[in-house]
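Asks:
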Amino acid sequence: MSSSATVQSSEIAGGAMNVNMDRPAIAVAERSPGSINSSSNTSKMPAMLGEKLEVRLNENDLKILMSAFQPEGSEMQTGIVLDKSLNLDRDNFAERLSKLVSKGTIDEYAEMFDRIDITKEGKVTWDKFVQFLLYELLEKDEKVKTTQVPQWKELKTIQTPHKDTIQKIQFLKSTNRYLSVSREGCISFWDTHMKLQRELKLTTESVKPRDIWVTDFVLLPHLNKIAVAFTSKEIAFYDLSAKVDFSCQYKLKGLHSTPLCLDFYGNPDDLNEAILVYGDVGGQVSALCFSSAQIALFDRPQRDASESKQQNNATVNVYLKELAKDTSKHKNCRFVHHVGHKGWVRQVKYAEHLECFISCSTGKEKTIILGFIEKASNVMRTTSFRFSHGVHCFDYHQQLNLIATGSVNNLVCLWNPYVISKPVGILTGHMASVIQVTLNLNRQQLMTFSVDKVLRIWDIQQQLCLQRIANIFPKGPEVQTILYFDDIKNRLFVTFNYQLTMLEMKIEIRDRVMSHERPVTNALYNSLYNQVVSASQDGTVTVWMIDSGQKVKQFAKCHGDFEINALVFDSTETRFFTGSSDGTIKVWDFNGHCHHQLMAGRGGAIDISQILVLRRSILAIGWDKYITVFRSGLTQYHIQPVDWKGGQQHQDDIQAAAYSSPTTLATGSYDGEIVIWNTQSENATRKLQARSRQKWSKRPNTGGEIDVVSRPTTTESQTSELEFSFVISSLTFLKTRMNGGNSSGDCADLVSSGGGGWVRFWNTNQTTLMSEFIAHPHAGNAINATDVDDQYLITGDSDGGVKVWYIKNYLSTGTDHVKSEPPPLHAAWHRHGDAINCIDTCVRNNRLLVITASSDCSVSMSDIDGNHIGEFGQDNHWRIDTAPEIKDIVEDVEETDEVKESHEEEEVIIFHEESAEDFVYDPSYRVSTWDSTVLGMAYKESRLEKRERKQPGTIPGYKNHIEESAVGPYGILDYNELGQMPSMKKPDFMLHPHKYFGEKPSDKSGKKKDVVDLPLVNESRAMLKAAFDEKTLFPKDLLDFEAQVRNDNTQRLKILEKKGRGVEFGHHPNNSIGGSKMGSRIGSSMQDRRTAKRIPSTTTLSTIVSAKASLHSKP
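For what it's worth, the working numbering labels the leading residue of the sequence shown as 126, then goes sequentially.
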């Protein structure tokens, strides 16, 4: 290993990376387990703790694991013969596989073995292992398929030149343009950005221009032509290659009825073979089969050489009657037809795979017909489906061999072309007639549109409705609608008469977790509740548990239909503020109750980009040159702002702000100017204009200034590259360096970032620029944040990239020039697919975590080393483990070359020992955060006030945590084998029965009686040789308890007896018979005390006794 401590910075998309440039090598060595370019033990870092082991394994890992099941001495092959596969027991399975692929510990592989060996055979083969992976991942794969719901952008209305109903829109691949034709004959050409390129008006000699009625058109892509059908019973063929005029080459006239629909097929193997099919209002389906389409569709009549060139380029009129004759001069075109429908033919299509024509009509009979061409006849052979309802539309899927139809009875039917008796599937859900059906071949999904303007997306395989889109299309009376889906651009065009709308599908990122339905603008950590609060553009605020990534609660439509652009907590973190583009700021509690509404826009709409909560005031900024302040207490619901005493100091809109307690405020504007304010006096104290547009225009460029050539031009720049690099998007105070980070106060204490990916360090005391560098070369914008100790600077760009810079000792002392070298790059990752809008940090279990919110609708969390924790809202619950112990970073000291070399050698040894051997990951470790929460602490205090109750001890072997892989209510229990039963000690009367029991009695004859009479008590005592020893029969605790109870009962009886005698003697002799005994049992204690005081003498007692005896003797 090289002893150099400098590593070139680079970016790795989708992964984490640890790089260092100026720090000592020991820092890189100690943190190398968290990087992706460290040793093999890096997989033991808890970067994927939320996923099971089988989910972490990729294809390359399975190829490596396959060698564990190969017999020893055999060469590695692409496959394993099942008969030669090894049977591995639990220990060998865990040991072998953990050594080959170190993405899990031995315990994790052992747990996987237990899940594979469900039959408890004790052996696992390669076949069983692969089957387990297939079954485990099948459910997840099916879930992903069923949840692939298309995500659409907002409905876009396109301004068109059409003044009548649009009949069709199609995409021409050869020129990469869209074509749309309306009823009045207006044809429009659009580029891929839906910008109008060309507009033409079709004309025909048969009718006047105002009477033209176009029913349909179809592209002939191989011939670069277009066929248009008119109500004048003719079909015209136009040449699209003409740059000036839109010339008509052929015109088919004399049709039997008005053509309503067209379709064209060109043989990809032979471009001369082509078919044009059309259906008319008379229920007839006709087809023109061309055999030399590349040369000419129809034969031109022979002309004399004297005729002019204009006559040679004139339109060729072809009449259907002549074309249908066997002796027709058009030898390269064959006409075939059938009249099978009883109503208007709504749609026709040629199915290459079936070699037939599919057509539908809205009649009551023969609504779906398949027409087959016969060699010896011009009339097609037809087959009709048994369906008695009218069909508006259909589409055919060649790969699935499926026909989807939309009918007037609100049903969508799926047909097998070879089964005409009944549909193979019926999709129900529409409440009105289905008028448009189209297939998404890439996703194998079906799109249907009904008369009530409801769009539904269906999964063809499972025949389920995945999505319903309504209430977004233009409202109005009944309209004619055309549906066209471009599977290349993933665009869905929906027409409503002359209006053209477009739904564009968002770029799909597989396995991407979406925390919100719309782009996320803010995400902040709440240390009081240990939660993360995020806000999105649709006005939704969501609260997440940081220890699991799961949603706790969600508040929708916080600002109606306006988006939330700003989010901040108050000083107690019990309430949060949301700022919206409607110009209002609302104060919420965590129960979703709005307490106050701050009118920052003074009744108008203003985009609020940031909110700052100071000690005695609340500030709001955003796309305005002034600072909005609320100084009065929050006593009313509606609160109006007051004027900022400092007035206007910026010449452009304020974009960012930062506050440092107690009185320092910094604001940055779009032109690059930074103003430092005193929040007590509300006056500007200093201005930082070294990179502002005003000062830059007054002085020439010097060697220490911006090198605009070093960064390529970005497409997002609307001004020149130099001016855009001044834009300030984010400001952050280095609070540990404020008020003089060193004795001289010349350190950098403010960081700004913005346009072009530039990052700049400022000294606010001396108003000087100390450093500037491009953190994100290819990004249009960058934001920044720091940790609590100001050791790391985290930057995020408009492309979704994140970089972590080590700034603890960066510019801690003054410099005499503007430094262009960036600080050491600690880590970099790229896990978002769109711009990063917010960055926040927190510390959990001694791990510094980075929370990022992006426009790709996700909120992600990683640690400071780039290890990915997960996305908020993912299915698997993550676990934030305690990071391995890391020694303090060695400070930068000046050393001689000899000391450096010896020091670096020691560090290399430390790297091998600590990162590769000493680090041990415990998968059973769990984190308890209950005691640190507000509710947990309150519950703990209330429990301490109660009396202490003796709790039973825990059962040996019981785990006090829940495994991630536990399934069901009994998943937390261990299923261990029962231990050996101890020997039972029998009582003495069972071991020596002869001591306690005698012989059975016998009669006079000496025979023992089978049934003996029960002896008397005296006789039974005589039969016993010895008394029972209760001490050998019952436990001592039970005997002691019985003796105690017997003793208590004896004492209680004595007390009652004494009380009874006292009451009996205390009664008057005139009482009724037995009254004294009654009084002794139910008399109250008061009577006992009174009678006890009146106990007579002995002489009186004898007299009373004799009197009682005389009373008893009377009858």
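Cβ coordinates follow ideal geometry from the N, Cα and C atoms, glycine included.
Give the single residue among A730, M986, N962 whose Cα lies nearest to the Cα of W1003.
Replies: Checked all of A730, M986, N962; the closest Cα to W1003 is M986.
Asks: Suppose you measure from the CA of I241 to the CA of R221; what does that come to, to the nearest Å?
Replies: When rounded, the distance between both Cα atoms is 16 Å.
Asks: Are the Cβ atoms of L813 and Y784 separated by less than 8 Å?
Replies: No, they are not a contact pair.
Asks: Quick one: is A557 buried, meaning 16 or more other Cβ sit within 10 Å of its Cβ, or exposed?
Replies: A557 is exposed by the Cβ-count criterion.
Asks: Helix, strand or coil: how does DSSP classify F680 here?
Replies: If DSSP states are grouped into helix, strand and coil, F680 belongs with the strands.
Asks: Could you tell me the boundaries of the beta strand (DSSP E) in which Q603 lies?
Replies: One point to set straight first is that residue 603 is Glu, not Gln, in the sequence displayed. Element bounds for E603: n/a, residue is neither H nor E.
Asks: Please name the residue, chosen from F194, L213, E279, A235, that lies closest to K177 on a Cα-to-Cα basis.
Replies: Nearest C-alpha to K177: A235.
Asks: When the distance is taken between beta carbons, is T792 closer than 8 Å to H775?
Replies: Cβ atoms of H775 and T792: closer than 8 Å.
Asks: Could you check what DSSP says for S923 in three-state terms: helix, strand or coil?
Replies: In the structure shown, S923 sits in coil (DSSP, three-state: anything other than H, G, I, E or B).
Asks: Spatial neighbours of K750 within its chain, please: C-beta separation below 8 Å, excluding the five flanking residues on both sides.
Replies: So the qualifying residues of the chain are Q773, H775, Q776, D777, D778, I779, S794.
Asks: Can you give the beta carbon distance from E75 to G771, rounded, assuming they're within the 8 Å contact cut?
Replies: Not covered by the structure: residue 75. The range shown for the chain is 126 to 1240.
Asks: Run the CB neighbour count on M627, radius 10 Å, all protein chains shown included, and call it buried at 16 or more, exposed below.
Replies: So M627 ends up on the buried side.
Asks: What separation, rounded to the nearest whole angstrom, lies between the Cα atoms of L280 and V619?
Replies: One C-alpha to the other measures close to 10 Å.
Asks: Quick check on T440: does DSSP put it in helix, strand or coil?
Replies: Three-state result, T440: coil.
Asks: What did DSSP end up calling Y260 once you bin it into helix, strand or coil?
Replies: If DSSP states are grouped into helix, strand and coil, Y260 belongs with the helices.
Asks: By the 10 Å Cβ neighbour count, where 16 or more other Cβ atoms means buried, how is E798 classified, buried or exposed?
Replies: Under this definition E798 is a buried residue.
Asks: Any idea what DSSP makes of H993, helix, strand or coil?
Replies: Strand, per DSSP.
Asks: Do T703 and A745 have their C-beta atoms within less than 8 Å of each other?
Replies: No, these two residues do not count as a Cβ contact at 8 Å.
Asks: Taking the Cβ atom as the reference point for each residue, do I964 and D922 lie within a distance shorter than 8 Å?
Replies: No; because the gap between Cβ atoms is not below 8 Å, this pair is not in contact.
Asks: Name the DSSP bridge partner or partners of M630?
Replies: For M630, which the question treats as bridged, DSSP gives the partners W277.
Asks: Would you report the Cα separation of A421 and L625, rounded to the nearest angstrom?
Replies: Taking the straight line joining both Cα atoms gives about 35 Å.
Asks: Hey, C638 and S983: beta-carbon distance below 8 Å or not?
Replies: The displayed chain sequence assigns Val, not Cys, to residue 638. Taking 8 Å as the Cβ cut-off, V638 and S983 qualify as a contacting pair.
Asks: I need the straight-line Cα distance from K1218 to K1183, nearest angstrom please.
Replies: Bear in mind that a pLDDT of 41 at K1218, under 50, signals an unreliable position, so the number given afterwards is only what the model happens to contain. Rounded to the nearest angstrom, the two C-alpha atoms are 15 Å apart.
Asks: Among the residues of its own chain, which have a CB less than 6 Å from the CB of G708, if the five just before and after it don't count?
Replies: Within the same chain, G708 has close Cβ partners A725, G726, G729, A730, I731.
Asks: Whole-angstrom Cβ separation of R308 and Q292, contact assumed at under 8 Å?
Replies: Yes, R308 and Q292 are in contact; Cβ-Cβ is about 6 Å, under 8 Å.
Asks: Would you say the stretch 222 to 231 touches the stretch 241 to 251, given that touching needs at least three Cβ pairs under 8 Å?
Replies: With the cut-off at 8 Å, the stretch 222 to 231 and the stretch 241 to 251 do not touch.
Asks: Please list, in chain order, all residues of the same chain as Q569 whose beta carbon is under 6 Å from its beta carbon, the five residues on each side excluded.
Replies: Once the five neighbours on either side are set aside, the close Cβ partners of Q569 are I585.
Asks: Roughly how many angstroms separate the alpha carbons of I483 and C458, rounded to a whole number?
Replies: If I take the Cα positions, the gap works out to 21 Å.
Asks: Can you give the Cα-Cα distance for E897 and L859, rounded to whole angstroms?
Replies: E897 and L859: Cα-Cα distance of roughly 16 Å.
Asks: Just list the residues that DSSP pairs I853 with in beta bridges.
Replies: BP columns for I853 point to G879.
Asks: Label R86 either buried or exposed according to how many other C-beta atoms from any shown protein chain fall within 10 Å of its C-beta, with 16 as the threshold for buried.
Replies: Residue 86 is absent from the structure shown; the chain starts at 126 and stops at 1240.
Asks: In the DSSP assignment, find the unbroken alpha helix (DSSP H) run with D239 in it and report its ends.
Replies: Element bounds for D239: 231 to 241.
Asks: For V1170 and N655, what's the separation of their Cα atoms in angstroms?
Replies: Taking the straight line from one Cα to the other gives about 56 Å.
Asks: Using DSSP with H/G/I as helix, E/B as strand and the rest coil, what is E359?
Replies: If DSSP states are grouped into helix, strand and coil, E359 belongs with the strands.
Asks: Between D1113, K378, I976, C386, which has its C-alpha nearest V470's C-alpha?
Replies: That would be C386, whose Cα lies nearest to the Cα of V470.
Asks: Give the DSSP bridge partners of F755, in chain order.
Replies: Beta-bridge pairing links F755 to I743.
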